[in-house]
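A short write-up of the structure that comes next.
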Amino acid sequence: QKEVEQNSGPLSVPEGAIASLNCTYSDRGSQSFFWYRQYSGKSPELIMFIYSNGDKEDGRFTAQLNKASQYVSLLIRDSQPSDSATYLCAVNSQFVRALTFGSGTRLQVQP
Amino acid sequence: DTGVSQDPRHKITKRGQNVTFRCDPISEHNRLYWYRQTLGQGPEFLTYFQNEAQLEKSRLLSDRFSAERPKGSFSTLEIQRTEQGDSAMYLCASSSGLAGLANTGELFFGEGSRLTVL
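Those protein sequence lines, which keep their order, are chains A and B.
If you're matching positions, the first sequence starts at 5 in the working numbering and goes up one per residue.
If you're matching positions, the second sequence starts at 45 in the working numbering and goes up one per residue.
Structural data, given as structure tokens:
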């Protein structure tokens with residue numbers, strides 16, 4: 005079992021729709037969770053982080069965390085073609101002093 | 045530009061040659077990380093420095109790989125006797141996580157050094 009799992013996609017949504025990206029993790033001791041966006045050929049850039057159970061909103065983005073289910077998600081409202089990218093879920097494991105990344109979900113927003 | 049910078053951006057080498065990558069982190073960041081990323085995969089952790097001390101190495105890091113961070117500033121990653129399987133993007137990231145805390149904090153990535161081994 006991978007430490008951080010994501011559906012590779014592509015996830016295709018029409019412009020203006022809500023995109024829902026999901027991530028599960030295996031280490032119950034994980035305390036912090038990050039969503040990074042990576043455009044093709046570019047390096048990852050942070051979108052949001054979340055530490056506590058529940059929802060955290062930042063503009064069009066909402067991160068959701070459920071530690072009991074070991075599940076974290078990212079919702080993108082009013083999706084734009086510029087949101088088309090790979091979204092990486094990253095988790096701070098208690099076993100490694102670095103973030104562990106999933107393989108990413110490729111999002112395509114259709115105009 | 046005060047972000048993380050990496051050099052060279054692209055490197056093409058023949059199998060068996062040695063290559064070295066350099067990373068200059070954000071100046072006030074005491075934590076520095078090297079990751080490797082291949083097509084369709086997320087970044088894989090290689091090694092971590094806090095100041096000049098190399099505190100963690102992944103099992104992925106074979107003995108052909110060595111990293112240094114003299115004086116806690118820039119870092120170098122050297123790959124000896126390169127193999128075709130070493131072809132990847134090598135990403136450097138830095139963070140300002142407080143010393144002693146397990147929480148990594150936000151990582152700021154450089155643009156990466158793409159290695160192609162022929």
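All C-beta atoms in this analysis are idealised placements derived from N, C-alpha and C, irrespective of residue type, glycine included.
Relative to the C-alpha of leucine 25 of chain A, which residue among A/Gly106, A/Tyr91 and A/Gln114 is closest? Leucine 25 of chain A has its Cα closest to that of A/Tyr91, out of A/Gly106, A/Tyr91 and A/Gln114.
Name the residues in the region 51 to 66 of chain A whose C-beta lies less than 7 Å from a C-beta of chain B; which are they? Against chain B - using a Cβ distance shorter than 7 Å - the residues of the region 51 to 66 of chain A are Phe53.
Nearest to lysine 71 of chain A (by Cα), restricted to the options A/Ser36, A/Ile51 and A/Gln84: Considering only A/Ser36, A/Ile51 and A/Gln84, the residue with the shortest C-alpha distance to lysine 71 of chain A is A/Ser36.
Any C-beta of chain A sitting closer than 8 Å to the C-beta of glycine 144 of chain B? Bear in mind that a pLDDT of 45 at glycine 144 of chain B, under 50, signals an unreliable position, so the model cannot answer this.
For the region 101 to 112 of chain A, enumerate the residues whose C-beta is nearer than 8 Å to any C-beta of chain E, in chain order. Absent from the structure: chain E. Protein chains present are A and B.
Residues from the region 48 to 77 of chain B in contact with chain A, defined by Cβ distance under 8 Å: Answer set for the region 48 to 77 of chain B: Tyr77.
With DSSP as the reference, identify every bridge partner of asparagine 70 of chain A, one or two as the case may be. Answer is A/Tyr75, bridged to asparagine 70 of chain A.
Just how far apart, CA to CA, sit glycine 144 of chain B and glutamate 88 of chain B? Because the pLDDT of glycine 144 of chain B is 45, which lies under 50, any placement of that residue in the model is unreliable, and the number read from its coordinates should be weighed accordingly. Per the coordinates, the alpha-carbon of glycine 144 of chain B lies some 23 Å from the alpha-carbon of glutamate 88 of chain B.
Go ahead and pull the three-state DSSP assignment for lysine 6 of chain A. In the structure shown, lysine 6 of chain A sits in coil (DSSP, three-state: anything other than H, G, I, E or B).
Below 8 Å on the Cβ atoms is my contact criterion, and I expect tyrosine 77 of chain B with alanine 137 of chain B to pass it. Report the Cβ-Cβ distance as a whole number of Å. Indeed, because the Cβ distance is near 5 Å, the residues count as touching under 8 Å.
Helix, strand or coil, according to DSSP, for phenylalanine 58 of chain B in the structure here? At residue 58 of chain B the sequence reads lysine, which differs from the phenylalanine that was named. It is coil, neither helix nor strand.
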